[in-house]
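Visitor:
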Amino acid sequence: GAGVSQSPSNKVTEKGKDVELRCDPISGHTALYWYRQSLGQGLEFLIYFQGNSAPDKSGLPSDRFSAERTGGSVSTLTIQRTQQEDSAVYLCASSLGTGSSSYNEQFFGPGTRLTVL
Amino acid sequence: KNQVEQSPQSLIILEGKNCTLQCNYTVSPFSNLRWYKQDTGRGPVSLTIMTFSENTKSNGRYTATLDADTKQSSLHITASQLSDSASYICVVIHRDYKLIFGSGTRLLVRP
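Written out as structure tokens, the structure reads:
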């Protein structure tokens, strides 16, 4: 029924603190993606999960970033020792599968706006 | 380098007028190209999806074109409405799942 949901919608934190961002994908979607949208920039791919396969972490900007997907559903993106340049909107998307078919369209959540002071 | 470039960066038009947004890409291998609409504070929503063999695709007042030879796409909006005010993002699918995003065109439709 419901679309992709993310929480919190806004997060303000101090430099050096750790933060966790949550994504609830659409039920039944096997693929889940995290993106980052910095002010005035295009969306940047971070990480991709597909079923039980090893995730594609090639977009993570540093080892301070990590993500988990438990039970093939909910995902958590963790940023350790946050820096001011981490301030951005973090978007999650999910799809039924992968491939070029429109059947595998990615549906986006509303995002979490992270501000690091 | 896989890149998607959009123009103009921003555009202001009067309600009822038409407009065309441009997208050039250098992504290879190319799977398909999508145009998304992103309202302020919301995630992107797909408008059109085209494979390399498709030249045009319409969705209501939105018509997308694709020239795979020149690696160019356009999104034409007809008879604009105030609700069309949003960012329009061109996205090229690299392989099967990796999306390469343009930085978007911010459209403002004024009454």
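Just so you know, the sequences run in chain order A and B. The first sequence runs 1 to 117 under my numbering. The second sequence runs 1001 to 1111 under my numbering. Ideal placement from N, C-alpha and C gives every residue a C-beta, glycine not left out.
Do serine 1080/B and isoleucine 1012/B come within 8 Å of each other at the CB atom, strictly closer than that value?
Guide: Sequence index remark: in the second sequence, residue 1012/B carries index 12 (1-based). Sequence index remark: in the second sequence, residue 1080/B carries index 80 (1-based). In this structure, serine 1080/B does not lie closer than 8 Å to isoleucine 1012/B by Cβ.
Visitor: Please list, in chain order, the chain A residues whose beta carbon lies closer than 7 Å to that of arginine 1042/B.
Guide: Indexing the second sequence from 1 puts residue 1042/B at position 42. Those are Pro110, listed as they occur along chain A.
Visitor: Can you grab the Cα-Cα spacing for the pair serine 1073/B / tyrosine 1036/B, in whole Å?
Guide: On the second sequence, position 73 is the one that residue 1073/B refers to. On the second sequence, position 36 is the one that residue 1036/B refers to. Cα to Cα, serine 1073/B sits roughly 13 Å from tyrosine 1036/B.
Visitor: For the stretch 1012 to 1029 of chain B and the stretch 61 to 73 of chain A, state whether three or more C-beta atom pairs, one from each stretch, are separated by less than 8 Å.
Guide: Flag = no, the stretch 1012 to 1029 of chain B and the stretch 61 to 73 of chain A do not touch.
Visitor: With H, G and I counted as helix, E and B as strand and the rest as coil, what does DSSP make of threonine 70/A?
Guide: What you label residue 70/A is simply residue 70 of the first sequence in a count that begins at 1. In this structure, threonine 70/A counts as helix in the three-state DSSP scheme.
Visitor: Can you give the beta carbon distance from leucine 96/A to asparagine 104/A, rounded, assuming they're within the 8 Å contact cut?
Guide: Taking the first residue of the first sequence as 1, we reach residue 96/A at position 96. Taking the first residue of the first sequence as 1, we reach residue 104/A at position 104. About 6 Å; that satisfies the 8 Å criterion.
Visitor: So glutamate 44/A is in the beta strand (DSSP E); what residue range does that whole segment cover?
Guide: If you number the first sequence from 1, residue 44/A lands on position 44. Per DSSP, glutamate 44/A belongs to the beta strand (DSSP E) from 43 to 50.
Visitor: Among the candidates Ile1100/B, Gly1102/B and Ser1085/B, whose CA atom is the shortest distance from the CA of valine 1109/B?
Guide: Translated into the one-based positions of the second sequence, residue 1109/B becomes position 109. If we check each option's Cα against that of valine 1109/B, Ser1085/B comes out closest.
Visitor: Please list the partners that serine 1046/B has in chain A, where partner means a Cβ-to-Cβ separation under 7 Å.
Guide: The count along the second sequence starts at 1 and reaches residue 1046/B at position 46. Those are Glu105, listed as they occur along chain A.
Visitor: Have a look at phenylalanine 1052/B and aspartate 18/A and give me their C-alpha separation to the nearest angstrom.
Guide: The count along the second sequence starts at 1 and reaches residue 1052/B at position 52. The count along the first sequence starts at 1 and reaches residue 18/A at position 18. Spanning the two alpha carbons is a distance of roughly 43 Å.
Visitor: Which residues bound the beta strand (DSSP E) around phenylalanine 1101/B?
Guide: For this step, residue 1101/B is matched to residue 101 along the second sequence. Per DSSP, phenylalanine 1101/B belongs to the beta strand (DSSP E) from 1098 to 1101.
Visitor: With DSSP collapsed to three states, give me the class of leucine 39/A.
Guide: To locate residue 39/A, count along the first sequence from 1; it is residue 39. Correct three-state label for leucine 39/A: coil.
Visitor: Can you pull out the residues from the stretch 47 to 81 of chain A whose beta carbon lies closer than 9 Å to at least one beta carbon of chain B?
Guide: The stretch 47 to 81 of chain A vs chain B, Cβ under 9 Å: Tyr48, Gln50, Asp56, Ser58 and Gly59.
Visitor: Give me the DSSP bridge partner(s) of aspartate 56/A.
Guide: The sequence position of residue 56/A within the first sequence is 56, counting from 1. Tyr48/A, per the DSSP bridge assignment.
Visitor: Are the CB atoms of lysine 11/A and asparagine 78/A within a distance shorter than 8 Å?
Guide: Working through the first sequence from its first residue, we reach residue 78/A at position 78. Working through the first sequence from its first residue, we reach residue 11/A at position 11. Looking at the sequence provided, one finds threonine at residue 78/A rather than asparagine. Cβ atoms of threonine 78/A and lysine 11/A: not closer than 8 Å.
Visitor: Check for me: the beta strand (DSSP E) holding phenylalanine 1030/B runs from which residue to which?
Guide: As a working mapping, residue 1030/B is identified with position 30 in the second sequence. Segment 1030 to 1038, the beta strand (DSSP E) holding phenylalanine 1030/B.
Visitor: Using the beta-carbon of each residue, which ones in chain B are nearer than 7 Å to leucine 43/A?
Guide: The residue labelled residue 43/A in the question sits at position 43 within the first sequence. What leucine 43/A touches in chain B: Phe1101.
Visitor: Can you pull the chain A neighbours of glycine 1104/B, defined as C-beta to C-beta under 8 Å?
Guide: In the second sequence, the residue the question calls residue 1104/B occupies position 104. Gly42, listed in chain order.
Visitor: Would you grab the beta carbon distance between serine 1046/B and glutamine 1022/B for me? Rounded to a whole angstrom, and I think it's under 8 Å.
Guide: Residue mapping note: residue 1046/B aligns to position 46 of the second sequence, counting from 1. Residue mapping note: residue 1022/B aligns to position 22 of the second sequence, counting from 1. No, serine 1046/B and glutamine 1022/B are not in contact; Cβ-Cβ is about 19 Å, not under 8 Å.
Visitor: Whose C-beta lies closer than 6 Å to the C-beta of aspartate 56/A among residues of the same chain, with five residues either side of it excluded?
Guide: Within the first sequence, residue 56/A is the residue found at index 56, counting from 1. Only Tyr48 meet the Cβ criterion.
Visitor: Measuring only between beta-carbons, confirm whether leucine 91/A sits less than 8 Å from chain B.
Guide: Along the first sequence, read from residue 1 onward, the residue named residue 91/A stands at position 91. So yes, leucine 91/A belongs to the interface.
Visitor: In angstroms, rounded to a whole number, what distance separates the CA positions of proline 8/A and glycine 1041/B?
Guide: Here the question's residue 8/A lines up with position 8 in the first sequence. Here the question's residue 1041/B lines up with position 41 in the second sequence. Approximately 13 Å between the Cα atoms of the pair.
Visitor: By alpha-carbon positions, which one of Asn1032/B, Gln1038/B and Asp1039/B ends up nearest to isoleucine 1049/B?
Guide: For this step, residue 1049/B is matched to residue 49 along the second sequence. Nearest option by C-alpha distance: Asn1032/B.
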